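In what follows, a single structure is set out as structure tokens and then discussed.
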Amino acid sequence: MTGLLTLVALVALGLSLALPVVVKPLLRTLGVIDIPNDRSSHSTIVIRGMGVAVAVALLVALALSLATGLVAVDRSLILIIICMVGASATLGWIEDFRGLSIRVRLSAQLLVGVIGTAALATTIDDSSYWWVPIGAIALATYINAANFMDGINGISGMHGLVVGLFYSLAGVLSDQLWLTVAGLVVAAAFAGFLPWNLGRGFVFLGDVGSYLLGASIAAIAVTGLLAGVYLEYLLSPVLIYLADTFTTFLRRARRGERLYTAHRQHVYQRLTDTGLSHVQVSILVSVLSALTAAAGFVLATATAPLAVTSSLFAAAVVALYLYSPRVFRALARRRVTDRA
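Using this note's numbering, you'd call the opening residue of the sequence shown number 314 and step up by one each time.
This is the structure we're talking about:
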């Protein structure tokens with residue numbers, strides 16, 4: 314089993330590293346580019362849509378886990394995840410290539426979530442169809458969270474790597490091989506994108522890639538929840554992303570701003586405004602996500618005293634992240650004052 318697991322992960326990593334050689338010139342020919350706007354953290358026109366390569370790598374690797382017999386039990390769960398992720402990535406590609414209205418995008422995301430969660434509820438014993446609206450909302454929510462957070466180089470690739478690894482560990486701890494495989498494939502596929510995103514001729518995932526990231530994580534999480542995996546295992550790795558998304562949403566709503574207009578008010582964007590580089594901010598977000606994940610994994614099986622400590626630690630990490638732009642802004646001012 315270890316050999317097949319390694320093979321599947323290497324296929325995801327290898328395809329993600331290699332396919333951009335072919336995909337990049339095609340995207341340039343098709344004119345799939347990102348033009349800077351008020352939300353952007355870049356100042357030049359960049360090729361986007363490289364998430365197509367990551368999507369192919371991820372989906373082929375998951376399919377390979379079925380074809381090789383690596384996942385011999387719960388095969389239908391991997392198949393449903395493939396369908397949910399593939400449909401979401403396709404929706405993102407259409408948005409990249411042609412553009413869709415907000416209403417159409419959200420309706421399609423919810424539809425994928427409804428169909429996918431209903432299929433899971435039918436497949437997994439003792440599951441209720443009451444999970445269907447919850448699964449649909451979860452999928453749409455995290456697709457949009459991943460899309461909103463995909464604004465600087467490295468952040469999405471690192472997020473996929475961190476969350477994927479923790480989900481793979483959750484599969485080991487829960488004795489659910491499908492989860493181990495799915496998490497590792499997500500981690501490997503997004504790790505393969507990082508050299509392209511951070512290199513000299515950097516490219517962007519585009520909506521196809523951010524939809525892929527959000528749908529992969531949400532589909533795995535919803536499947537895991539229905540399959541009996543601890544909620545703490547599934548929720549803790551994504552706390553930083555959710556906290557940034559929801560606090561920014563609430564802040565803008567309170568000010569009466571139009572919520573779907575371009576902006577630079579996310580915590581990670583304000584961190585880059587303090588002088589931190591894209592890579593520094595992406596690493597910070599990833600490290601803090603790993604810390605909340607570690608706390609969640611302890612919390613899942615901890616006794617009362619340790620559970621309280623773990624919960625407080627995770628809350629403190631989230632609070633530190635939300636407050637961090639003020640901290641780094643103050644440090645930047647102090648450096649300027651010292652130089653003067």
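Using N, Cα and C, we set each Cβ at its ideal position, and we do this for glycine too.
Note that the structure is predicted; figures quoted are calculated from it, not measured.
For residue i, count the other beta carbons within 10 Å of its own beta carbon; 16 or more makes it buried, fewer makes it exposed. Which is it?
i	result
Y634	buried
E570	exposed
P338	exposed
A453	buried
T614	exposed
M397	buried
I358	exposed
Suppose you measure from the CA of residue i to the CA of residue j; what does that come to, to the nearest Å?
i	j	result
L413	V621	45 angstroms
A566	L572	7 angstroms
V594	V369	28 angstroms
R564	R577	12 angstroms
L404	I468	21 angstroms
L548	V336	33 angstroms
L343	M363	12 angstroms
V475	S599	7 angstroms
W509	N457	23 angstroms
F610	T616	13 angstroms
L497	T650	47 angstroms
I428	Y581	33 angstroms
S623	R341	48 angstroms
Is the beta carbon of residue j closer than 8 angstroms to that of residue i?
i	j	result
N466	H591	yes
L332	A366	yes
L538	H472	no
A556	V631	yes
Y480	L490	no
Does DSSP classify residue i as helix, strand or coil?
i	result
V649	helix
V324	helix
V542	coil
V345	coil
I456	helix
I465	coil
V384	coil
V516	coil
Assuming residue i is part of the alpha helix (DSSP H), what are its boundary residues?
i	result
A502	490-511
V551	It is not in any alpha helix (DSSP H) - V551 carries neither H nor E in the DSSP assignment.
V369	364-380
V427	415-436
L612	591-614
Is residue i close to chain B? Criterion is C-beta to C-beta, closer than 8 angstroms.
i	result
R418	Absence of chain B from the displayed structure is noted, only one protein chain being present.
Using only the heavy atoms of the ligand GDP, determine whether one of them is closer than 7 angstroms to the beta carbon of residue i.
i	result
N457	Ligands displayed in this structure: none; no statement on the ligand GDP is therefore possible.
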